[in-house]
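Colleague: Counting with the numbering used here, you get residues 316 to 478 for the letters of the sequence shown.
Glycine included, each C-beta is placed from N, C-alpha and C at the ideal position.
Attaching a single structure in structure tokens format; questions to follow.
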Amino acid sequence: MSTPEHIYLDTFLVAGITTRTNNANEANPNSAQIPLLWMTFNTDEVANDIINRVANTPIYGVYHRYASDMNDDYSVTAGVAVTAPAATVEDENIETISVMAGNYLIFRAQGVDLIHTVMAAWQEIWTYCSAHPEIKRAYQTDFETYLSNTDGNHVIEIYIGVA
Numbered sequence: 316m317s318t319p320e321h322i323y324l325d326t327f328l329v330a331g332i333t334t335r336t337n338n339a340n341e342a343n344p345n346s347a348q349i350p351l352l353w354m355t356f357n358t359d360e361v362a363n364d365i366i367n368r369v370a371n372t373p374i375y376g377v378y379h380r381y382a383s384d385m386n387d388d389y390s391v392t393a394g395v396a397v398t399a400p401a402a403t404v405e406d407e408n409i410e411t412i413s414v415m416a417g418n419y420l421i422f423r424a425q426g427v428d429l430i431h432t433v434m435a436a437w438q439e440i441w442t443y444c445s446a447h448p449e450i451k452r453a454y455q456t457d458f459e460t461y462l463s464n465t466d467g468n469h470v471i472e473i474y475i476g477v478a
């Protein structure tokens with residue numbers, strides 16, 4: 316992973332399904348909620364049921380409702396960008412999240428195994444933030460976008476909100 320890019324983003328909406336967890340739970344396969352969230356999102360084809368989705372939207376993983384910081388509880392929503400609060404063809408407990416406007420650092424990673432690529436990217440982000448104490452995470456909204464490229468690698472971008 317290289318040095319992150321710094322950008323300003325305007326607010327936008329993401330609609331999808333949500334779980335509440337923390338990093339301690341996610342470190343234990345018996346209590347991890349995020350893999351179950353993504354399994355449900357993909358198996359139930361949740362994105363296909365969201366009527367007002369933005370055309371050609373990537374899939375998002377949005378981290379929000381932080382209780383305090385990376386060591387406490389937070390919510391994760393697996394979803395797609397939408398033009399207005401969620402409308403669906405089925406009742407799937409869809410929630411609409413407003414990704415906060417503000418400054419973000421973009422970290423990019425790629426790999427064949429999506430789960431390991433994402434986990435390794437977050438480890439690098441935590442290491443980078445620890446090595447740069449001048450960077451203050453906002454703990455409002457952070458998000459991942461999932462892309463693929465032609466050689467079969469998964470390409471992800473992780474946007475970390477900074478103060």
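Among all the DSSP beta bridges, which residues are the ones paired with L351?
Modeller: Here residue 351 is taken as the residue at index 36 of the sequence shown, counted from 1. For L351, which the question treats as bridged, DSSP gives no partner whatsoever.
Colleague: With Q425 as the anchor, note down where its beta strand (DSSP E) starts and where it stops.
Modeller: Along the sequence shown, one-based indexing puts residue 425 at 110. Segment G417 to G426, the beta strand (DSSP E) holding Q425.
Colleague: Given a cut-off of 8 Å, decide if R452 and V477 are closer than it, judged by their beta-carbon atoms.
Modeller: Residue 477 sits at position 162 when you count from the first residue of the sequence shown. Residue 452 sits at position 137 when you count from the first residue of the sequence shown. The answer is yes: Cβ separation under 8 Å.
Colleague: Which residues does DSSP pair with Y493 in a beta bridge?
Modeller: Because the chain spans 316 through 478 in this model, residue 493 falls outside it and cannot be assessed.
Colleague: Report buried or exposed for L352, applying the criterion of at least 16 other Cβ atoms within 10 angstroms of its Cβ.
Modeller: Start at 1 with the first residue of the sequence shown, and residue 352 comes out as number 37. Burial call: buried.
Colleague: Please list, in chain order, all residues of the same chain as L429 whose beta carbon is under 8 Å from its beta carbon, the five residues on each side excluded.
Modeller: Locating residue 429 in the sequence shown gives position 114, where the first residue counts as 1. Cβ neighbours of L429 beyond the five flanking positions: Y461, H469 and I471.
Colleague: From what residue to what residue does the beta strand (DSSP E) around V470 run?
Modeller: As a position in the sequence shown, residue 470 is number 155, starting the count at 1. Start and end: H469 to V477.
Colleague: Below 8 Å on the Cβ atoms is my contact criterion, and I expect V329 with A396 to pass it. Report the Cβ-Cβ distance as a whole number of Å.
Modeller: Numbered from its first residue, the sequence shown carries residue 329 at position 14. Numbered from its first residue, the sequence shown carries residue 396 at position 81. Sure, about 6 Å apart at Cβ, within 8 Å.
Colleague: Please classify T358 as buried or exposed, where buried requires at least 16 other C-beta atoms within 10 Å of its C-beta.
Modeller: By one-based count along the sequence shown, residue 358 stands at place 43. So T358 ends up on the exposed side.
Colleague: Check the C-beta distance from Q348 over to N338 and give it rounded, since I have them as a contact under 8 Å.
Modeller: Sequence index remark: in the sequence shown, residue 348 carries index 33 (1-based). Sequence index remark: in the sequence shown, residue 338 carries index 23 (1-based). Not really, about 11 Å apart at Cβ, beyond 8 Å.
Colleague: Can F422 and A435 be called in contact, C-beta distance under 8 Å?
Modeller: On the sequence shown, position 107 is the one that residue 422 refers to. On the sequence shown, position 120 is the one that residue 435 refers to. Result no, Cβ atoms of F422 and A435 do not sit closer than 8 Å.
Colleague: Find out if the Cβ-Cβ distance for the pair A393, G417 is shorter than 8 Å.
Modeller: Start at 1 with the first residue of the sequence shown, and residue 393 comes out as number 78. Start at 1 with the first residue of the sequence shown, and residue 417 comes out as number 102. It is not a contact, given that the beta carbons lie outside the stated cut-off.
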